[in-house]
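Enquirer:
Residue numbers (our numbering), protein chains in the order written: chain A, 74 to 718; chain B, 11 to 238.
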């Protein structure tokens, strides 16, 4: 194969337009995830062999514009400019052509090598609308391909058109013009900045500067302050003419172009009615909506716990069986013990026993909610409440996920737009008692003190999460953002998309958490077999015994709990020599122990997830804070309760 | 000066205003503005348009080359803008009086020259109150409006630590289609001071309540009225 038969295609477009469906259809399972350097945005890429061509396809995150409002937008722009894909395939939802074209016009300012894909043409037809594809191609000066991605229609044509462009390096001669007053100033500024070595095309840069794109603004400022001065003068002139900010004027004019293009190429059909519309009404209703939300959430909890505990039981049996086989064939030497307890059962088994029963089902449910468009509606309903803790509606999702497992909750915080909100949401979701902590709350307090005490602890938890959220949102730098979110139409989720998405997420998690859990388990197994247990206990005893008023043996269970919280109860029973905690622990001790476990530190897999999402500094800060907080709270509760009980 | 001369002069200045208004309208809408387009809009022959344009250029109201685009100077813009504003206020006033749409434009053209600054300001204030310019958050479910402007101050004012005020969030509103003259329909209002779900440009977007408080719209009636 000749080396020049290799091309790179990037897929770009709004969220919810079927971009990923096209990506998956083109690349199959042949894909990998990478992170853009220094950012938490995932970029999927995959390979395709087509008529002798070796094609690398990159799926860029879904965005609405190049305003650098979010990391995704910045990453998309930098990818197109720095990685220089041969072709950018812009996928648009043909049913929302006008809004989608807004991004297309900006994209065409950045690069000429674009193929426009009109996706969801089946829905267009169903609504009786007609789009003149040829005319659209003529107006924009790029190939336009109609497609129905979910049925695989139009895919070959997309690839052919992309190859065509990659081969001939199409130069578009025409570009769409803004109004005279704006256009004049764009040209002026573009001419001025030529030769300054700004890494973007001059016209694109000029437009972005007039729109006061904060990043390009500061890039230009570093190169030469005069660029900024010139841009500011022109911005002021535009304000003089239109009595509006230049960015508003440009957005208005760009949308004006979109609207006029749309009217020229599209005959609108009838408005939509039917099941989707009715469901939409129902799911956002001020009474039924919340009822449905509660139903969905409890359905997921019950589903995950039910499925999860079934699988977990099966896995326990499997590991028990394996352990018998292992110890009969390798003997029960110290080394064999360390290998089994640390590496196999503790590490690999430990990671899998969280992931397979609990995380995977959660991911599948989450994907279904996401793909069907319901998640956006839940965020809509919860926005009002979430604002009280400095977050907006979307943060509701990770917080709820936290009750299942903190790990997907942290990863789920990606849906938040700004670093500040990601941090706050991830932090709060690690304070939510996950299923492992539920085992402790119910198994210790619930069983030996009564269910009302357990419920009281949950209530305490919610109050504390709200209080910490309120305080943290005040002290975190930056300001809160209001909710601005597209509400996609409700649709039936595609099972193959859901499963693939879940699989990628699980794999992602295993790569991150597995090594850490294994290393931790091995270290503890070694400490245990070397007899350092009592040393650990006596080292911790000032805190455990004096401050928290707990028996010294609890010290080691707390350390172990960092690995796997659900096992703290088992270990506690082992160390205390009984499962009847009421015979060895006072009610105050049980409460203090449970409160400390509830808050003291997310498990190691969660720390790993925090590390991945927020960086090690914030992961460390959150961990240290939570240990400190749990200990302080535990000590105070011990002293206060000692007065009454 | 005789009465006749006086009337002549007034007529002349009205004609100047008429031209500047039309050129400004084209500028606002970012439309092309040439001798031909002006002739068509003002229903006058291209020859007399050319003659008038020469005069306007001489008086420093516009810049233009024969057969080229016509552009306002700062001076011309000031006049054009003020006439256009008066025209709009007059139109709105007449509409409230119940005149039908065909009459309104022509009648407003006559009125616009007669409004003094004082009357214009009083009228526009009065109309703003009566004419249904309200924040988007005041619309009920199913009601429609056209965006008049996005008031940054209203969104940012007295909001503790700058809720939602970031420049980027306001840009995001524009990127999703919240620009002046866009028609929006309120689909849903979430309880507990929650967000507002709005359809615009063929898509559905939900925005926090405080954004909705700062987006000023002119009510255009409910969805039912329009479809009927």
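Yeah, the Cβ is synthetic: ideal placement off N, Cα and C, and Gly gets one too.
The structure presented is a predicted model; accordingly, all values stated were derived computationally and were not measured.
For residue 130 of chain B, return the contacting residues in chain A, with the cut-off set at a CB-CB distance below 8 Å.
Expert: Taking the first residue of the second chain as 1, we reach residue 130 of chain B at position 120. Neighbours of residue 130 of chain B in chain A, taken as residues whose beta carbon is under 8 Å from its own, are absent, since the nearest beta carbon is some 16 Å off.
Enquirer: Looking at chain A, is there any beta carbon in it that lies within less than 9 Å of the beta carbon of residue 51 of chain B?
Expert: Along the second chain, one-based indexing puts residue 51 of chain B at 41. No, residue 51 of chain B lies away from the interface with chain A (no Cβ there is under 9 Å from its Cβ).
Enquirer: Which word fits residue 357 of chain A, buried or exposed, when buried means at least 16 other C-beta atoms lie within 10 angstroms of its C-beta?
Expert: Within the first chain, numbered from 1, the residue matching residue 357 of chain A stands at position 284. Looking at its Cβ environment, which holds 16 or more other Cβ atoms inside 10 Å, residue 357 of chain A is buried.
Enquirer: Give me the residue from A/505, A/562, A/514 and A/560 with the minimum Cα distance to residue 536 of chain A.
Expert: Here residue 536 of chain A refers to the residue found at position 463 when the first chain is read from its first residue. Nearest option by C-alpha distance: A/505.
Enquirer: Buried or exposed: residue 20 of chain A, going by 16 or more other Cβ atoms within 10 Å of its Cβ?
Expert: Residue 20 of chain A is absent from the model: chain A starts at 74 and stops at 718.
Enquirer: Look up residue 120 of chain A in the DSSP assignment and give the residues it is bridged to.
Expert: Against the first chain, residue 120 of chain A aligns to sequence position 47. Secondary-structure assignment with DSSP links residue 120 of chain A through a beta bridge to A/129.
Enquirer: Please return the same chain residues whose Cβ sits closer than 7 Å to the Cβ of residue 27 of chain B, not counting the five positions on each side in sequence.
Expert: Counting from one through the second chain, the residue named residue 27 of chain B turns up at place 17. For residue 27 of chain B, where only same-chain residues beyond five positions count, the Cβ hits under 7 Å are 89, 93 and 123.
Enquirer: Determine the chain B residues that contact residue 457 of chain A at a beta-carbon separation under 7 Å, and present them in chain order.
Expert: Translated into the one-based positions of the first chain, residue 457 of chain A becomes position 384. By Cβ distance, chain B contributes 200, 201, 202, 203 and 204.
Enquirer: If you measure from the beta carbon of residue 119 of chain B to each beta carbon in chain A, is any gap under 9 Å?
Expert: The residue given as residue 119 of chain B occupies position 109 in the second chain. Closer than 9 Å: no.
Enquirer: In three-state terms, what does DSSP make of residue 674 of chain A?
Expert: Working through the first chain from its first residue, we reach residue 674 of chain A at position 601. Note: residue 674 of chain A maps to coil in three-state DSSP.
Enquirer: Roughly how many angstroms separate the alpha carbons of residue 115 of chain B and residue 98 of chain B, rounded to a whole number?
Expert: The residue given as residue 115 of chain B occupies position 105 in the second chain. The residue given as residue 98 of chain B occupies position 88 in the second chain. Cα-Cα distance, rounded: 9 Å.
Enquirer: Out of curiosity, what's the CA-to-CA distance linking residue 572 of chain A and residue 283 of chain A?
Expert: Position 499 of the first chain, counted from the start, is the residue given in the question as residue 572 of chain A. Position 210 of the first chain, counted from the start, is the residue given in the question as residue 283 of chain A. Residue 572 of chain A and residue 283 of chain A: Cα-Cα distance of roughly 44 Å.
Enquirer: Could you check whether the Cβ of residue 233 of chain A sits closer than 9 Å to any Cβ belonging to chain B?
Expert: One-based indexing of the first chain puts residue 233 of chain A at position 160. So, not an interface residue.
Enquirer: Closest to residue 119 of chain B by C-alpha separation, out of B/63, B/86 and B/52, would be which residue?
Expert: Locating residue 119 of chain B in the second chain gives position 109, where the first residue counts as 1. When each option's Cα is compared against that of residue 119 of chain B, the closest is B/52.
Enquirer: Can you list, in chain order, the residues of its chain whose CB lies under 7 Å from that of residue 186 of chain B, leaving out five sequence neighbours each side?
Expert: Here residue 186 of chain B corresponds to residue number 176 of the second chain, with the count starting at 1. Result list for residue 186 of chain B: 215, in chain order.
Enquirer: Going by beta carbon distance, what residues of the same chain come within less than 7 Å of residue 304 of chain A, once the five residues before and after it are set aside?
Expert: Position 231 of the first chain, counted from the start, is the residue given in the question as residue 304 of chain A. Closer than 7 Å at Cβ, skipping near neighbours: 262, 282 and 283.
Enquirer: When Cβ atoms are compared, which residues of the region 532-565 of chain A fall closer than 9 Å to chain B?
Expert: 546, 547, 551, 552, 553, 554, 555, 556, 557, 558, 559, 560, 561 and 562
Enquirer: Does any CB atom of chain A fall closer than 9 Å to the CB of residue 73 of chain B?
Expert: Reading the second chain from its first residue, position 63 is the one you call residue 73 of chain B. Taking 9 Å as the CB threshold, residue 73 of chain B stays off the interface with chain A.
Enquirer: Answer yes if the region 249-258 of chain A comes into contact with the region 305-316 of chain A, meaning at least three C-beta pairs across the two stretches below 8 Å, and no otherwise.
Expert: yes
Enquirer: Looking at the strands, I want to know which residues DSSP matches up with residue 162 of chain B.
Expert: Counted from its first residue, the second chain places residue 162 of chain B at position 152. None; residue 162 of chain B has no bridge partner.
Enquirer: Check distances from the C-beta atoms of the region 428-461 of chain A to those of chain B and list, in chain order, the residues that come in under 7 Å.
Expert: Of all residues in the region 428-461 of chain A, 453, 454, 456, 457 and 458 have a Cβ within less than 7 Å of some Cβ in chain B.
Enquirer: Here's the rule: buried if 16 or more other CB atoms are within 10 angstroms of the residue's CB, otherwise exposed. What is residue 220 of chain B?
Expert: If you number the second chain from 1, residue 220 of chain B lands on position 210. The residue in question, residue 220 of chain B, is buried, as its Cβ has 16 or more Cβ neighbours within 10 Å.
Enquirer: Could you list the residues in the region 151-172 of chain A with a C-beta less than 9 Å from some C-beta on chain B, going in chain order?
Expert: 166, 168, 169, 170, 171 and 172
Enquirer: Mind checking if residue 173 of chain B is an interface residue toward chain A, Cβ cutoff 9 Å exclusive?
Expert: The sequence position of residue 173 of chain B within the second chain is 163, counting from 1. Confidence at residue 173 of chain B is low in this model, with a pLDDT of 46, below 50, so the placement of that residue is unreliable and no value is reported for it.
Enquirer: Note down, in chain order, all residues in the region 466-481 of chain A with a beta-carbon under 9 Å from any beta-carbon belonging to chain B.
Expert: The region 466-481 of chain A vs chain B, Cβ under 9 Å: 466.
Enquirer: Tell me whether residue 20 of chain B is buried or exposed, calling it buried when 16 or more other Cβ atoms sit within 10 Å of its Cβ.
Expert: As a working note, residue 20 of chain B is residue 10 in the second chain. Result: exposed.
Enquirer: Quick check on this structure: which residue in A/528, A/287 and A/260 has the alpha carbon closest to the alpha carbon of residue 275 of chain A?
Expert: Looking up residue 275 of chain A in the first chain gives position 202. The option with the nearest alpha carbon to residue 275 of chain A is A/260.
Enquirer: From the DSSP output, read off the bridge partner residues of residue 96 of chain B.
Expert: In the second chain, the residue the question calls residue 96 of chain B occupies position 86. In DSSP, residue 96 of chain B forms no bridge with anything.
Enquirer: Which chain A residues are close to residue 40 of chain B, counting only those with a beta carbon under 8 Å from its beta carbon?
Expert: What you label residue 40 of chain B is simply residue 30 of the second chain in a count that begins at 1. Going along chain A in sequence order, the residues near residue 40 of chain B (Cβ under 8 Å) are 251, 252, 253, 254, 255, 326 and 329.
Enquirer: For residue 53 of chain A, which three-state DSSP category applies?
Expert: Here chain A comprises residues numbered 74 to 718, so residue 53 of chain A is not present and cannot be evaluated.
Enquirer: Looking at the unbroken beta strand (DSSP E) that takes in residue 216 of chain B, where does it start and where does it end?
Expert: Locating residue 216 of chain B in the second chain gives position 206, counting from the first residue. That run of the beta strand (DSSP E) goes 213-217.
Enquirer: Note down the Cα distance separating residue 706 of chain A from residue 596 of chain A, rounded to an integer number of angstroms.
Expert: Against the first chain, residue 706 of chain A aligns to sequence position 633. Against the first chain, residue 596 of chain A aligns to sequence position 523. Rounded to whole angstroms, residue 706 of chain A and residue 596 of chain A show a C-alpha spacing of 29 Å.
Enquirer: What whole-angstrom Cβ distance do residue 190 of chain A and residue 163 of chain A have, given they're in contact under 8 Å?
Expert: For the purposes of this step, residue 190 of chain A is taken as residue 117 along the first chain, with counting starting at 1. For the purposes of this step, residue 163 of chain A is taken as residue 90 along the first chain, with counting starting at 1. The C-beta separation of residue 190 of chain A from residue 163 of chain A comes to about 7 Å, placing the pair in contact by the 8 Å criterion.
Enquirer: Bridge partners of residue 86 of chain A, per DSSP?
Expert: Here residue 86 of chain A refers to the residue found at position 13 when the first chain is read from its first residue. DSSP output for residue 86 of chain A lists A/164 as bridge partner(s).
Enquirer: Using a Cβ-Cβ distance under 9 Å, would residue 273 of chain A count as near chain B?
Expert: Counting from one through the first chain, the residue named residue 273 of chain A turns up at place 200. So no, residue 273 of chain A is outside the interface.
Enquirer: Is there a Cβ from chain A that is less than 9 Å from the Cβ of residue 227 of chain B?
Expert: Along the second chain, read from residue 1 onward, the residue named residue 227 of chain B stands at position 217. Chain A has no Cβ within less than 9 Å of the Cβ of residue 227 of chain B.
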